[in-house]
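Participant: Could you have a look at this structure, given as C-alpha cells, before my questions?
In the working numbering, the protein residues as written are 6 to 677.
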C-alpha cells in the first residue's frame, strides 16, 4: 500500500490536486508513476520484461520462478480486488507486476532477447506496449482512487503533465514513412557485438585524434556502450537498414526519442541533451551533431534522420496513444486512456532525462560538488560539476546532468544553463550480493547481507575484489578477475560478506576520489568551485560534500554506514525518502518546463522541490530529522588510521588482481 499525505497540498485552477506522471523505461522493466508535491507515489504500475531466457512455462519474477498461468490467475484476482484506502481515502494499492505475456492481446516474442553471447536486444514495439499498458493501468488506479475521494468529499487528483526517463545508449532505427522499426530489435546499451568494430577503429585512430574526440564528446567512443558504434554495426550488417539509409528513410534514436515520437500527437522527433550526449555524435560545446563525429563512423549526415536535440524541460507535444495498440490491452484500460488523453484533457509531455541524470535530479543533488550513486547490479556515480564542462584525466566520462532553460535566479545567472556531470561506473555491486546468495549460498536472501556483514567489526584482513568481468572506472582493466585475498583460518562467512560489501564501497570511493581530483585540477584555474584546494590525491578534504544514494543496496542501513565509514568525515551519505528517484527526476523535469514559476504545478524551482520532497514543505532549518525517518543521513564513525589502513589494503589487492588474464595467457575478455 502506498501511503499518501495530502497535507499542505495546493489545489489547482480546476479544483483538483495536481500530479505529474513519470514514464520510466529501464533495462529490465517499465513503470508509470503519478507523483504528488511531496514526491510520493499516488499511483503506480510496473511491468517486468519477458526475456528469451524464459521458457513457455516459466517466467522469472525477481529471484523466484513462477508459473505464468498461476501468476495470471493471481493477477486476475488482484484486478477484482478493490484498492486499499485509509479512512480519508488517500492511499492506494499498487497493481500486480506483470510480464507482457500476461496482457490482454499478447504480442508475439519477448521484450528482451539474448541471441548470442554478449548480445542484448529489445523489441521496440513491446517496449512501447509496456509503457501504454502501464499508463492505462495507472490511470485505472487513479480513477478508482478518485471515486473513493469523491465519496469522502476530497478534491480529486488530476495529472497535469508528464516526463520521461529512460535507459540510455540503446539504439533503435525505424522508417520515416511508416513509423515502424526497420528491424525487429533495438541494440541495448550493454550489448557487446560491436567489440571488434570499436577495437579496429581504435587501432586505426592516432592518439591525438582520440583525444580530440573525447574533448568533443566527453566519452571514450571506442567502447561498445555508446550508440555510434551500434548504428554503424546496423548499417554494415542489416541490409534493410542500409537500404532505408540510402533512400533517406532511416530514422535513428534512443529510447527517449522512440517513445516521444510515438506518444505525442505531433510525433515530435527529439532527444534531450542527457540522451543525445551519449550517442557519440554530439558536441558538448555546441549541443548539436558534429560533422567530424558523424563522418568518423563513415556516416553521411544528409542520408540519416537525426532527432532534434532539445533541453530536458520544454513542451514536446501532448500525450496520445497510437490506435494500432487498441487490441493489445483490455477494453477498460483503453477507454480510460481515451478519457484521459484527449483534446479536452491534454497532458503535455515536457520533461526528458536519461536514467542516470534523472536519478541525480530525483536525488536533489543540484549543487556543484554533490554526487549520487545508484546501487543496482552495478553502480553508477554522477558528480555534479554545475555549468562547467570538465574532461576527466582520471577515467571518468563527461555528460550532461540536466538542462532546465526556464529556471532563473538573481544570484545565479547560469541557473537555467545546461549542467554537466562526471560519471563513473562500478561493474559489480548488487551482483556480488547475488553471487554470495546464489553461488556461495552464504545468505538466504539479498537483504541479509547487511546484518551478516555488520556482525563483525571488520573483514578480518580479507579483501574481495569482485572483478568478475574486469574492473571499470577508475582502474579500467578488462584483464582483471575476481580475487579474495588475506584469508586465514580465522576467516568466517561473515568476514567474506563484509569484504564483499566493502568492495562495492571502496570502488565508489575510488571513483569519487578520481572525480574530485578532476574538479580540484579545474578549481585551481577557475573559481567555480568555492572550496579550499588541497594537493592532488587528497581525498579527505575534497570538493565532494554529499553522496546521495538510491538503489537496492542503499536500503540497507548497515551497508550505507559501511559506505560512510569508508568515505570519511568530509562526505555525508544521504538516502532519499523516495525509492523511485529516477522516475521522480523525470517528474521534476516536466514541472520545470513551464516558463513562469506561477504555472509550475508542484514546485516553483529546484529548492522548492527539495524542500517538499526531503522536508515536507519545511526549510532544512525547520526540519526535525528524528521525526522523519524516511530521509536518512549517514556520517563516518571511522578513525583516520583505520580508514587509511583499509584503503591501502584495498589498493594492494586491486594491484594484484589486475592483468590476471594477461599473466596466465588466457583469453581476452569482452571490453565494454
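A virtual CB, placed ideally from N, CA and C, is assigned to each residue, including glycine. Note that the coordinates shown come from a computational prediction; the quantities given were computed from them, not determined experimentally.
Just grab the DSSP bridge partners of residue 353 for me.
Facilitator: One-based indexing of the chain shown puts residue 353 at position 348. 323.
Participant: For the putative contact between residue 478 and residue 430, defined by C-beta atoms under 8 Å, what is the C-beta separation to the nearest angstrom?
Facilitator: Start at 1 with the first residue of the chain shown, and residue 478 comes out as number 473. Start at 1 with the first residue of the chain shown, and residue 430 comes out as number 425. With a Cβ gap of about 6 Å, residue 478 and residue 430 count as contacting.
Participant: Could you please give the first and the last residue of the uninterrupted alpha helix (DSSP H) stretch that includes residue 54?
Facilitator: By 1-based counting over the chain shown, the position of residue 54 is 49. Run containing residue 54: none; DSSP gives neither H nor E here.
Participant: Is the CB-CB distance between residue 168 and residue 513 below 8 Å?
Facilitator: By one-based count along the chain shown, residue 168 stands at place 163. By one-based count along the chain shown, residue 513 stands at place 508. Cβ atoms of residue 168 and residue 513: not closer than 8 Å.
Participant: Straight-line CA distance for residue 156 to residue 248?
Facilitator: Translated into the one-based positions of the chain shown, residue 156 becomes position 151. Translated into the one-based positions of the chain shown, residue 248 becomes position 243. If I take the Cα positions, the gap works out to 59 Å.
Participant: Contact defined as beta carbons within less than 8 Å: I believe residue 294 pairs with residue 306. What is the distance between those atoms, to the nearest angstrom?
Facilitator: What you label residue 294 is simply residue 289 of the chain shown in a count that begins at 1. What you label residue 306 is simply residue 301 of the chain shown in a count that begins at 1. Yes, residue 294 and residue 306 are in contact; Cβ-Cβ is about 7 Å, under 8 Å.
Participant: Which partner residues of residue 225 appear in the DSSP bridge assignment?
Facilitator: The residue you call residue 225 lines up with position 220 of the chain shown. Partner(s): none; residue 225 has no beta bridge.
Participant: Going by DSSP, which residues form a beta bridge with residue 501?
Facilitator: Counted from its first residue, the chain shown places residue 501 at position 496. Residue 501 is not bridged to any residue.
Participant: Starting from residue 23, trace the beta strand (DSSP E) in both directions and tell me its first and last residue.
Facilitator: Counted from its first residue, the chain shown places residue 23 at position 18. From DSSP, the beta strand (DSSP E) with residue 23 extends over 22–30.
Participant: If you reduce the DSSP assignment to three classes, tell me which class residue 476 lands in.
Facilitator: For the purposes of this step, residue 476 is taken as the residue at position 471 of the chain shown. It is a strand residue.
Participant: Which same chain residues, not among the five before or five after residue 551, have their C-beta less than 6 Å away from its C-beta?
Facilitator: Your numbering for residue 551 matches position 546 in the chain shown. The answer, listed in chain order, is 375, 577 and 579.
Participant: According to DSSP, what are the bridge partners of residue 606?
Facilitator: Position 601 of the chain shown holds residue 606. Paired residue(s): none; residue 606 is not in a bridge.
Participant: Go ahead and pull the three-state DSSP assignment for residue 565.
Facilitator: Against the chain shown, residue 565 aligns to sequence position 560. Helix at residue 565.
Participant: Shortest alpha-carbon distance to residue 436 belongs to which of 283, 466 and 470?
Facilitator: As a working mapping, residue 436 is identified with position 431 in the chain shown. It is 470 whose Cα lies nearest to the Cα of residue 436.
Participant: Which stretch, first to last residue, makes up the alpha helix (DSSP H) that contains residue 330?
Facilitator: The count along the chain shown starts at 1 and reaches residue 330 at position 325. Careful: residue 330 lies outside any alpha helix (DSSP H) and carries neither H nor E.
Participant: Which value, in whole angstroms, describes the spacing of the CA atoms of residue 245 and residue 187?
Facilitator: The residue labelled residue 245 in the question sits at position 240 within the chain shown. The residue labelled residue 187 in the question sits at position 182 within the chain shown. Near 7 Å, if we compare the C-alpha coordinates of residue 187 and residue 245.
Participant: For my contact list, residue 363 and residue 170 are in at a C-beta cut-off of 8 Å; report their separation, rounded to the angstrom.
Facilitator: Residue 363 sits at position 358 when you count from the first residue of the chain shown. Residue 170 sits at position 165 when you count from the first residue of the chain shown. The pair is a contact, with the Cβ atoms about 4 Å apart (cut-off 8 Å).
Participant: Short of 7 Å in beta carbon distance, which residues of its chain neighbour residue 181, apart from the five on each side in sequence? Order them along the chain.
Facilitator: Sequence index remark: in the chain shown, residue 181 carries index 176 (1-based). 254, 256 and 310.
Participant: Is it right to say residue 651 is buried, meaning 16 or more other beta carbons lie within 10 angstroms of its own, or is it exposed?
Facilitator: Counted from its first residue, the chain shown places residue 651 at position 646. Buried, by the Cβ-count rule.
Participant: Around the C-beta of residue 663, are 16 or more other C-beta atoms found within 10 angstroms, so that it is buried, or is it exposed?
Facilitator: As a first step, residue 663 must be located in the chain shown, where it is residue number 658. Residue 663 comes out buried.
Participant: Compare the C-alpha of residue 385 against each of 427, 152, 495 and 599 and name the closest.
Facilitator: Working through the chain shown from its first residue, we reach residue 385 at position 380. Checked all of 427, 152, 495 and 599; the closest Cα to residue 385 is 427.
Participant: Apply the 10 Å Cβ neighbour rule to residue 554 and answer buried if 16 or more other Cβ atoms are within range, or exposed otherwise.
Facilitator: The count along the chain shown starts at 1 and reaches residue 554 at position 549. Burial call: buried.
Participant: Can you grab the Cα-Cα spacing for the pair residue 270 / residue 349, in whole Å?
Facilitator: As a working note, residue 270 is residue 265 in the chain shown. As a working note, residue 349 is residue 344 in the chain shown. Approximately 14 Å between the Cα atoms of the pair.
Participant: With a threshold of 16 other CB atoms inside 10 Å of the CB of residue 616, please say whether the residue is buried or exposed.
Facilitator: Along the chain shown, read from residue 1 onward, the residue named residue 616 stands at position 611. Per the 10 Å Cβ criterion, buried.
Participant: Taking only three categories from DSSP, how would you classify residue 278?
Facilitator: Working through the chain shown from its first residue, we reach residue 278 at position 273. It is helical.
Participant: What number of angstroms, rounded off, separates the C-alpha of residue 366 from the C-alpha of residue 259?
Facilitator: Looking up residue 366 in the chain shown gives position 361. Looking up residue 259 in the chain shown gives position 254. Between residue 366 and residue 259, the C-alpha separation is close to 20 Å.
Participant: Within 10 angstroms of its Cβ, does residue 644 collect 16 or more other Cβ (buried), or is it exposed?
Facilitator: For the purposes of this step, residue 644 is identified with residue 639 of the chain shown, where counting begins at 1. With fewer than 16 Cβ atoms within 10 Å of its Cβ, residue 644 is classed as exposed.
Participant: At what residues does the alpha helix (DSSP H) containing residue 241 begin and finish?
Facilitator: Looking up residue 241 in the chain shown gives position 236. Unbroken alpha helix (DSSP H) run through residue 241: 232–242.
Participant: Is the beta carbon of residue 277 closer than 8 Å to that of residue 357?
Facilitator: Stepping through the chain shown from its first residue, residue 357 is reached at position 352. Stepping through the chain shown from its first residue, residue 277 is reached at position 272. Taking 8 Å as the Cβ cut-off, residue 357 and residue 277 qualify as a contacting pair.
Participant: Please list, in chain order, all residues of the same chain as residue 140 whose beta carbon is under 6 Å from its beta carbon, the five residues on each side excluded.
Facilitator: On the chain shown, position 135 is the one that residue 140 refers to. Around residue 140: 37.
Participant: Could you say if the stretch 219–238 and the stretch 390–408 meet the contact criterion of at least three C-beta pairs nearer than 8 Å?
Facilitator: With a cut-off of 8 Å, the stretch 390–408 and the stretch 219–238 count as touching, because enough Cβ pairs lie within range.
Participant: Measuring CB to CB, does residue 360 end up less than 8 Å from residue 587?
Facilitator: Reading the chain shown from its first residue, position 355 is the one you call residue 360. Reading the chain shown from its first residue, position 582 is the one you call residue 587. Yes, they are a contact pair.
Participant: Would you mind listing the alpha helix (DSSP H) stretches within the stretch 146–230 that are 4+ residues and don't spill past its ends, in chain order?
Facilitator: You should have 200–209 and 212–222.
Participant: Let me know the alpha helix (DSSP H) ranges lying completely inside the stretch 434–475, each 4 residues or longer, listed in chain order.
Facilitator: Taking only runs of at least 4 residues, the alpha helix (DSSP H) segments lying wholly in the stretch 434–475 are 435–443 and 454–459.
Participant: Could you compute how far the alpha carbon of residue 90 sits from the alpha carbon of residue 660?
Facilitator: Position 85 of the chain shown, counted from the start, is the residue given in the question as residue 90. Position 655 of the chain shown, counted from the start, is the residue given in the question as residue 660. Since pLDDT at residue 90 reaches only 31, below the 50 mark, its modelled position is unreliable, and no value is offered.
Participant: Count the other C-beta atoms from every protein chain shown that fall within 10 angstroms of the C-beta of residue 130, then say buried if there are 16 or more, exposed otherwise.
Facilitator: If you number the chain shown from 1, residue 130 lands on position 125. Classification for residue 130: buried.
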